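Trainee: According to our numbering, the residues represented by the sequence shown are 136 to 273, in order.
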Amino acid sequence: MANFTPVASLAGGILIGLASVWLLAANGRIAGISGILHGLVAQPPGDRFWRFAFLLGLVIAGFAWHAFVAPAPVREGFGLGWAAAAGLLVGLGTRLGGGCTSGHGVCGLGRFSLRSLVAVAVFMATGMAATYVMRHVL
């Protein structure tokens with residue numbers, strides 16, 4: 136927990152919440168990032184602008200935070216192959232789980248969705264198990 140920063144964590148949580156509320160109020164859409172990304176490539180062209188703008192805003196905000204506020208720590212020895220495998224597994228999990236952590240964890244729990252509560256419990260248990268395996272088994 137050496138990298139835990141409560142102020143940055145609180146600020147990030149507030150920004151995520153505001154972005155989710157803004158998207159719901161302005162567009163009537165849930166801020167499920169995997170669904171937004173999927174819709175960017177699968178939906179008709181008329182429905183792509185807001186998706187592209189929302190995702191671009193997320194990417195720009197991440198780079199801006201890194202450049203102007205607090206650079207993220209770099210983990211040495213974590214190769215591109217591990218990152219690609221992790222990304223593919225996360226993508227597969229979002230399709231199998233019917234949504235991602237932002238859709239279920241941020242928006243679904245806020246709407247008291249039982250389906251989202253189960254999904255988040257599975258996300259958390261799987262994350263804990265994966266952390267244990269990575270630290271103590273591999």
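Every residue gets a Cβ at the ideal spot worked out from N, C-alpha and C, and that includes glycine. Quick caveat, the model's predicted, so the values are computed rather than measured.
Relative to the alpha-carbon of Val176, which residue among Gly163, Leu190 and Ile165 has its alpha-carbon at the smallest distance?
Mentor: Leu190
Trainee: By DSSP, does Thr261 sit in helix, in strand, or in coil?
Mentor: Assigned with DSSP and collapsed to three states, Thr261 falls in helix.
Trainee: Please classify Ala254 as buried or exposed, where buried requires at least 16 other C-beta atoms within 10 Å of its C-beta.
Mentor: buried
Trainee: Where Ala221 and Gly163 are concerned, what is the direct C-alpha to C-alpha distance, given to the nearest angstrom?
Mentor: Looking at the backbone, the Cα of Ala221 and that of Gly163 are separated by about 31 Å.
Trainee: Which two residues bound the contiguous alpha helix (DSSP H) that contains Ala166?
Mentor: No alpha helix (DSSP H) holds Ala166; DSSP gives it neither H nor E.
Trainee: Could you pull the start and end residues of the alpha helix (DSSP H) that Ala202 belongs to?
Mentor: Phe184 to Phe203
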